[in-house]
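> Residue numbers (our numbering): 196 to 457.
1) Taking the straight line between their C-alpha atoms, what separation do you get for residue 308 and residue 380?
2) When the Cα atoms are used, what is the spatial distance from residue 211 to residue 240?
3) Based on the DSSP secondary-structure assignment, which residues constitute the bridge partners of residue 267?
4) From this set, 341, 359, 367 and 287, which residue's C-alpha is nearest residue 351's C-alpha?
5) So, helix, strand or coil for residue 254, using DSSP?
6) Would you decide whether residue 220 is buried or exposed? Buried here means 16 or more other CB atoms lie within 10 Å of its CB.
7) Looking at C-alpha atoms only, which residue of 419, 345, 333 and 242 is the closest neighbour of residue 276?
8) Taking the beta carbon of residue 290 as the centre, do at least 16 other beta carbons fall within 10 Å, making it buried, or is it exposed?
9) Which residue comes first and which comes last in the beta strand (DSSP E) that contains residue 406?
10) Please go through the same chain and pick out, in chain order, the residues whose beta-carbon is closer than 7 Å to the beta-carbon of residue 405, but skip the five residues on each side of it.
11) Does the stretch 355-364 come within contact of the stretch 278-288, defined as at least 3 CB pairs closer than 8 Å?
12) How should residue 312 be labelled, buried or exposed, when 16 other C-beta atoms within 10 angstroms of its C-beta is the threshold for buried?
13) Starting from the N-terminal side, write out each stretch of the beta strand (DSSP E) that is 3 residues or longer and does not extend beyond the stretch 304-328.
14) Do you know offhand how far residue 297's Cα is from residue 234's?
If you want it as structure tokens, here you go:
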């Protein structure tokens, strides 16, 4: 009975973490460039009472073994980098990536972070920066005399300096790709940092080396599907209830044993 209590408790812990993960996904359904989290699970250690092929009391070989599991646990959390919906904003400084790749920004301490959030603004020096003021890297500077900025799908940034002028290429927006994007570490504020698991970042021109294209005036929405999350929430709640019921049954059995001993 004690084993059953601990096994069911492990199941409740797993389902609680599943609910926490789903709640975070739903909370970020309107977060630009957000990628949903999914948990993976694994069974815990087994207690082996009899090995397969062990001799029986009749001097025969047992065709099967006897093992008792001890529950389940969370194996890991994975970011699902599926494409989110591309929505128009009308803001010429907004950029959405259609396909693989990340924008890179530089923090105040010189470290780099990576993001799918392309809602950029101009700072006092006419550089494109995030909502937190982190500049794109390599930097994208808009000339102060520009009356229009055009960002091509390949990342080329052109400006028009007068009403009758022609577009003039002034710089480029780069994308960055990773061998294993799922290995990136979420840092909050729509930012990721590279890890040994993600591999080293590689700079690329949009549309080349497996990266996507850039759409000016658009943003990528969260890839969270609310209906799917609500279904997952109901399943997690049911599983939690079933495990709590197993604890209750085990406790009742333990009480009956205690009464018999008295």
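Even glycine gets a Cβ: it sits at the ideal position worked out from N, Cα and C.
Considering the structure as presented:
1) Distance between the alpha carbons of residue 308 and residue 380 is about 10 Å.
2) 21 Å
3) 238
4) 367
5) coil
6) buried
7) 419
8) buried
9) Where residue 406 is concerned, there is no enclosing beta strand (DSSP E), given that its DSSP letter is neither H nor E.
10) 295 and 372
11) The answer is no - the stretch 278-288 does not touch the stretch 355-364, with fewer than three Cβ pairs under 8 Å.
12) buried
13) Fully enclosed beta strand (DSSP E) runs of 3 or longer: 307-310.
14) Distance between residue 297 and residue 234, taken at the CA atoms: about 23 Å.
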